Ligand code: FAD
Ligand code: PHB
């Protein structure tokens with residue numbers, strides 16, 4: 149058995165774990181990152197693409213935004229499509245100049261891993277059987293197997309950044325954790341296609357056949373999504389059917405989507421889920437490990453980054469002078485933004501997706517809300533300030 153020691157054991161090398169490790173490293177706090185997948189796998193896993201300005205600023209403060217600032221696509225608006233026309237929500241005009249940046253989560257993860265590896269600080273991929281011990285009264289430790297050898301990592305804090313199916317949240321006694329959730333009767337079928345984006349800005353389309361979204365990853369890569377049923381089998385969706393539905397839901401008279409080779413496709417279920425509190429004893433949860441939002445508001449990655457910003461601040465204080473007040477308030481401070489984002493994501497989702505039972509009353513309400521956004525500056529501002537990320541919640 150190999151024994152290791154660190155100040156913070158970080159479980160999970162997604163955006164939350166990697167950003168936390170980087171922020172702590174800059175403050176002189178030691179950590180070890182443990183990830184159960186391979187480096188190649190986490191660098192290729194296609195997920196989010198929209199960064200709030202605050203997230204870009206955090207990555208810049210962490211010194212990992214050079215490529216993001218070169219290659220990221222700055223957007224100052226999004227388009228809403230309904231009733232056979234498009235309406236532009238002028239994000240920047242409505243929010244005093246704030247904007248979003250399109251840059252793939254895969255690229256953020258690659259940049260963060262490269263920075264970690266270059267610093268020489270420990271990050272272990274393909275670890276197995278991660279088990280948390282003594283997280284309540286402490287002192288905590290994490291046991292795991294790596295390259296066939298058993299390890300014990302002693303630490304002062306465990307950061308649970310292991311996503312929605314990881315072992316950290318499951319280590320908290322059920323009686324101390326409360327969950328709040330909502331399932332949706334639809335899912336997203338997403339594709340990555342080797343074709344230039346058809347529109348300069350993202351298009352969120354409300355359509356009788358179901359929601360569709362045209363997004364992008366770069367000037368040569370389009371990312372597109374279609375509402376489908378959660379139990380849908382991807383095998384029933386040959387590329388031709390996907391393009392046909394995308395054309396139907398996103399097309400307008402005189403405007404067609406550009407098509408190209410499909411590089412990747414998959415179905416993502418939609419959920420809203422919050423676990424409270426986000427801390428127990430010496431364990432602090434961050435990102436998808438303690439909250440999930442449906443992707444319609446583009447908030448999941450941004451929330452994960454906000455959590456670790458607060459956690460890094462609190463841990464820096466704790467290791468500098470033993471102060472525990474920020475650590476004690478961690479969950480409460482995070483949850484204010486989490487619930488704002490939960491509401492916004494639920495609202496966007498409910499406004500844009502076709503009800504599964506085809507309820508016409510609900511469709512009329514959706515269209516009334518979309519028309520309100522397109523005619524009232526106040527309503528458009530509500531959408532815009534939430535979409536770019538509220539400075540204060
Ligand atoms: P994760 O990225 O899930 O990272 C957790 C890590 O922990 C993983 O690497 C996992 O392998 C590892 N792990 C799990 N179990 C163990 C274990 N036992 N031991 C060690 N490691 C473990 N969000 C947005 O903000 N904008 C968007 O546009 C957006 N679009 C999305 C589109 C799709 C299709 C999907 C699926 C998600 C989208 N999201 C979006 C959500 C966003 O991707 C997540 O919120 C984000 O990945 C959360 O980061 P995280 O680090 O908390 O969790
Ligand atoms: C994406 O580009 O993957 C994306 C964009 C906007 C969303 C969700 C996902 O709301």
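Numbering (the working numbering), first residue to last: 149 to 541. No residue lacks a Cβ here, since even glycine has one placed at the ideal position from N, Cα and C. Since this is a predicted model, take the numbers as computed values, not measurements.
Look at the Cβ atom of residue 221, then the Cβ atom of residue 250, and state whether they are nearer than 7 Å. Residue 221 sits at position 73 when you count from the first residue of the chain shown. Residue 250 sits at position 102 when you count from the first residue of the chain shown. Cβ distance < 7 Å, so residue 221 and residue 250 count as in contact.
Give a yes or no on contact between the stretch 383-394 and the stretch 404-414, applying the rule of three or more CB pairs nearer than 8 Å. yes
What residue range does the alpha helix (DSSP H) around residue 171 cover? The residue given as residue 171 occupies position 23 in the chain shown. Looking at the DSSP string, the run of the alpha helix (DSSP H) that includes residue 171 is 163-174.
For residue 406, count neighbouring C-beta atoms within 10 Å of its own C-beta (all shown protein chains included) and say buried if the count is 16 or more, exposed if not. The residue labelled residue 406 in the question sits at position 258 within the chain shown. Exposed, by the Cβ-count rule.
From this set, 484, 279, 183, 149, which residue's C-alpha is nearest residue 426's C-alpha? Counting from 1 along the chain shown, the entry for residue 426 is found at position 278. Of the listed residues, the one whose Cα sits closest to residue 426 is 484.
What is the DSSP secondary structure of residue 149, counted as helix, strand or coil? In the chain shown, the residue the question calls residue 149 occupies position 1. Of the three classes helix, strand and coil, the one that applies to residue 149 here is coil, per DSSP.
DSSP three-state assignment for residue 364, whether helix, strand or coil: Translated into the one-based positions of the chain shown, residue 364 becomes position 216. Looking at residue 364 - three-state DSSP - the assignment turns out to be strand.
Label residue 480 either buried or exposed according to how many other C-beta atoms from any shown protein chain fall within 10 Å of its C-beta, with 16 as the threshold for buried. Within the chain shown, numbered from 1, the residue matching residue 480 stands at position 332. It is exposed - the Cβ of residue 480 has fewer than 16 other Cβ atoms within 10 Å.
Uninterrupted alpha helix (DSSP H) stretches inside the stretch 351-408 (no shorter than 4 residues): Runs of the alpha helix (DSSP H) inside the stretch 351-408: 387-398.
Can you list, in chain order, every residue whose CB sits closer than 5 Å to a heavy atom of the ligand PHB? 197, 198, 363, 371, 443, 446
Selection from 375, 270, 302 that minimises the alpha carbon distance to residue 356: Locating residue 356 in the chain shown gives position 208, counting from the first residue. Nearest to residue 356 by C-alpha distance, out of 375, 270, 302, is 375.
Which class does residue 259 belong to by DSSP, given the choice of helix, strand or coil? Taking the first residue of the chain shown as position 1, residue 259 is located at position 111. Reduced to three states, the DSSP call for residue 259 is helix.
7 Å Cβ cutoff met for residue 320 and residue 428: The residue given as residue 320 occupies position 172 in the chain shown. The residue given as residue 428 occupies position 280 in the chain shown. Yes, these two residues count as a Cβ contact at 7 Å.
For residue 264, verify whether its CB is less than 6 Å away from any heavy atom of the ligand FAD. Here residue 264 refers to the residue found at position 116 of the chain shown. Flag unset: Cβ of residue 264 not near the ligand FAD.
Around the Cβ of residue 540, are there at least 16 other Cβ atoms within 10 angstroms (buried) or fewer (exposed)? Here the question's residue 540 lines up with position 392 in the chain shown. That one is exposed.
To the nearest angstrom, how far is the alpha carbon of residue 183 from that of residue 169? Here residue 183 refers to the residue found at position 35 when the chain shown is read from its first residue. Here residue 169 refers to the residue found at position 21 when the chain shown is read from its first residue. So the alpha carbons of these two residues sit roughly 13 Å apart.
Please report the distance separating the alpha-carbon of residue 340 from that of residue 391. Here residue 340 refers to the residue found at position 192 when the chain shown is read from its first residue. Here residue 391 refers to the residue found at position 243 when the chain shown is read from its first residue. Whole-angstrom Cα-Cα distance: 12 Å.
Beta bridge counterpart(s) of residue 459 as assigned by DSSP: Translated into the one-based positions of the chain shown, residue 459 becomes position 311. Answer by DSSP bridge pairing: none, since residue 459 is not bridged.
Which same chain residues end up closer than 6 Å to residue 151 when comparing Cβ atoms and leaving out the 5 residues on each side of it in sequence? Counted from its first residue, the chain shown places residue 151 at position 3. Correct list, in chain order: 300.
For residue 197, collect the residues of the same chain with a Cβ closer than 8 Å to its Cβ; drop the 5 residues on either side in sequence, then sort them by chain order. Numbered from 1 along the chain shown, position 49 holds the residue referred to as residue 197. Only 250, 251, 252, 253, 363, 364, 365, 371, 446 meet the Cβ criterion.
For residue 343, the first and last residue of its enclosing beta strand (DSSP E): One-based indexing of the chain shown puts residue 343 at position 195. For residue 343, there is no enclosing beta strand (DSSP E), as DSSP marks it with neither H nor E.
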